[in-house]
Each structure stands twice: as C-alpha cells, then as structure tokens.
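Residue numbers (our numbering): 78 to 504.
Idealized CB from N, CA, C, for every residue including glycine.
Data first, discussion second: the structure below is written as structure tokens.
In structure tokens form, the structure reads like this:
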C-alpha cells in the first residue's frame, strides 16, 4: 500500500478514536452528574438509573464509531480507485511509443514521459521547469506553441531536430485546463523519421524510373525520326541506327521486366518453388554459361567450392538469378585483366555464397546503399553496359524471401565482396 494511503487511514482511525472517546466521556459525565434526564419516570430494579444511562452512553459511542468506520471504508474505496486510475494513467504514459509533454502557460515544462525523453535525447528529469524553447528551438514549433496558447485550438507542426542524429518529429499541440490552475498545453510527439525516409525513397524512385524510361525512349524516338527524314537511303547508316533502336528496346524491356519482378518481390507476391538446392552444383552449372562473356571481357574466373555439398532449401531458378546478378554486377565494375572469384563456404548451420571482384571498389559511405533501387556507384559505366540499377535490389529481396541475408565488404582500389548467407537444410 502507498505511504499516502497509510497516512490517510491512520489519521482517520485517530479521528474515530478521538470522537469515540469524547462522546463516551461527555455522555458518561452528564449521566453520572444527573444534569440531564433522558428517561423521566423510568426506575430500575435497583432504584437508580445510573447503569441504564451508562449503557445508553456506550450504545451511542458504539453507533458513532460504526458510522465513522463506514465513512472510512467509503473513503478508502474511493482512494483505492483514484490510485488505481492514476497507476493506469502512469503506465500508459510510460509505455506509449509517442512522446508526451506538458507545459504551463509560461511555456515551462511540467512533465514529460520516457518516450519524449528518448525522442529528444534528454536525461530523465533534466528539463522539468525549463522553458520549452530551450529544448526545441525551431521557429515553426515556437509559432505553433504561441498559436495554441492564444487560440486554444489544436496545432500540428513538423520539426527537424539534431539530437544528435537527425530526427523528424510531428507534434500535436492542444490546450488543457487544470482545476485550480491556469492550465497549459499538451504536446504529443511522433517520430516520422522513417516515414520521411520512405517518402524520399519514393520520390527518388519515381524520378529514377522516369529518367531510366526516358533515356531509351529518347534514343528510339531520335533515331526513328532520323530514319524517317531520309537516313533510310543510306543502308549502312540505317543498319547502325536500327541496331541502336534494337539495343535500346531490349534495355527498355529489361528495365520493365526488372521493375515488375522487383515489385512482386517487395510485395512478397513472388511464387517460390521451394526444394533442396545444392549451391555447389548450382554455381558449377551457372558459371558454364557465363564463361564466354567473362572471356570477352578479359576477366579471369576463379571458383572455390567445398568438398561437401552445401544444400539449402529454396527456389532453384531464383537462386540462379541471384548468382547471375552478382556475377553480372562484378563484370560491370571489373576492368579487363581483373579477376572474379566465386566461392561457396559451408558453415555450421548456414552456407555462404561470395562473389569477389578486383574492381575499383566502393567508397565506405556508399556501401550501405548498393542494395537500393537504381543506386549505381559508377552511373556512366553501368549505363553504358546496359545495367538497370535494380540487380542488387532484386538479389536482396530474393535472399530475404529465402530467410537469408546479404552483405558487402569493399576496399577502394582493391575490389568488392558481396556475400549471400542462406540456412542449410536440416537433416
């Protein structure tokens, strides 16, 4: 039981005992002295009414004590309800994911919950009594506070804070009136950093798709118009233009196919024909078809496979697509005379597929973004070789659908290793 409740009950018990004692003493004194005759004409068998008066005094005292006891029980019940409601309210504020802050009409912080402390990166209990402008000092937020205090209407504002990392907060500010005080404002904070990031990704995606579609279409349109304007008369030039149109059409078709495939993977609508797949056999079979392209690019292929099988559960065609995309990516970024190594490593419960190139490498600050849609480290080189910029994004989603994960390591000037880890089939 809470200390406040103990004190409350102790005071009431003392009050009850005091009332009982005074009632008993007063009535007894009056009866004994005979100054009040409550029973005129009534005589006891002893000829004296003393004992009857005493019994009546005791009865009144007991009745008073009983009444006070009932009042205590009612008060105790109401107090328990109040404490229970307060505990529930505190539990909600403590565990809610949104930040909650109360400030008074002078903009001083009265209260903030743990979520608000985390969002604003504030030590517990360090800001109560401080002005809100010392904590959030953006102009838009200050204007919203002023408007809420002046009009009493709900205000919504977005703020960008650095505490210390960048955060985007959406705040809802409303007024409250507290009994016995001037009231203040309730501020509810929502962290929308991830939402803003997704919105930015969507904007970049739309811009990238528009650009990637426009580039081949512009080429097709330009060469088609040139042919119609008379270039058809020059057979050599016409064949050259038609070859460019065919290449750009294939590129456009590949882009649309990759976009559709990536969309299905992201929405988890891709149908997987799951079965046992031996990664060592898959690598051997797939690389045979890539040998001519590697030779044409002047690249050396090294294959490192374990003696034991590395059997995983997955869709054979999709896992083959993963390997093709990884090797294709390595070919694009490795200059002639370089080396590409494909390695399968059998671990205790997992198998790891690694594709390592000796290309220019990837800057550390860009490494985390290589699995994003349309992200290219060397845009000009990839575009000249017909890349869509979706290969590694497709790899990431296929691997995650198989319960695995992808990773990348790189050292600028020395090359890059992209790894795929998948769970082995349990025997």
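For residue i, three-class secondary structure by DSSP
i           : result
residue 145 : helix
residue 272 : helix
residue 452 : coil
residue 368 : helix
residue 193 : helix
residue 408 : helix
residue 286 : helix
residue 246 : strand
residue 179 : strand
residue 200 : coil
residue 500 : strand
residue 474 : helix
residue 423 : strand
residue 158 : helix
residue 252 : strand
residue 236 : strand
residue 491 : coil
residue 302 : helix
residue 215 : coil
residue 52  : A question about residue 52 goes unanswered here, because the residues of the chain that appear run from 78 up to 504.
residue 479 : coil
residue 311 : coil
residue 445 : coil
residue 460 : Legend: pLDDT at residue 460 = 49, less than 50; position of this residue unreliable, value from coordinates given subsequently. In the structure shown, residue 460 sits in a helix (DSSP, three-state: H, G or I).
residue 484 : strand
residue 229 : coil
residue 297 : helix
residue 435 : coil
residue 319 : helix
residue 332 : helix
Cut-off 6 Å between Cβ atoms - residues of its own chain near residue i, not counting five sequence neighbours on either side
i           : result
residue 112 : Because residue 112 carries a pLDDT of 48, less than 50, the predicted location of this residue cannot be relied on, and the following value inherits that uncertainty. So no residue of the chain qualifies.
residue 123 : For residue 123, the predicted structure reports a pLDDT of 44, less than 50, and the residue's modelled location is therefore unreliable. A value from the coordinates is still provided. None.
residue 247 : 235, 267 and 269
residue 347 : 341
residue 259 : 182
residue 198 : 240
residue 245 : 237, 269, 270 and 273
Burial state of residue i, where buried means 16 or more other Cβ atoms lie within 10 Å
i           : result
residue 412 : exposed
residue 335 : buried
residue 344 : exposed
residue 380 : exposed
residue 223 : exposed
residue 328 : buried
residue 237 : exposed
residue 169 : exposed
residue 201 : exposed
residue 295 : exposed
residue 250 : buried
residue 394 : exposed
residue 239 : exposed
residue 479 : buried
residue 264 : buried
residue 120 : With a pLDDT of 49 at residue 120, under the threshold of 50, the modelled position of this residue cannot be trusted, and the question is left open.
residue 293 : buried
residue 225 : buried
residue 434 : buried
residue 447 : buried
residue 277 : exposed
residue 204 : buried
residue 325 : buried
residue 493 : buried
Beta-carbon separation (whole angstroms), residue i vs residue j, contact threshold 8 Å
i           : j           : result
residue 349 : residue 392 : 4 Å
residue 196 : residue 177 : So it is not a contact: roughly 10 Å between Cβ atoms.
residue 439 : residue 496 : Not a contact, Cβ separation roughly 14 Å.
residue 410 : residue 437 : 7 Å
residue 416 : residue 364 : That pair is no contact at about 14 Å.
Spatial neighbours of residue i in its chain, beta-carbon cut-off 7 Å, leaving aside the 5 residues before and after
i           : result
residue 261 : 179, 180, 181, 182, 187 and 253
residue 421 : 356, 357, 360, 382, 383, 387, 428 and 430
residue 374 : 408 and 413
residue 301 : 322
residue 218 : 234, 236 and 248
residue 405 : 468
residue 399 : 472, 475, 476 and 497
residue 426 : 500 and 501
Spatial neighbours of residue i in its chain, beta-carbon cut-off 8 Å, leaving aside the 5 residues before and after
i           : result
residue 185 : 206, 207, 208 and 209
residue 173 : 190 and 192
residue 353 : 388, 389, 390 and 502
residue 279 : none
Residue i CB to nearest heavy atom of the ligand MG below 8 Å
i           : result
residue 451 : You won't find the ligand MG in this model; it holds no ligand whatsoever.
| message | Quick check on the DSSP output: what are the complete alpha helix (DSSP H) runs of length 4 or more inside the stretch 337 to 390, in order along the chain? | response | 356 to 373
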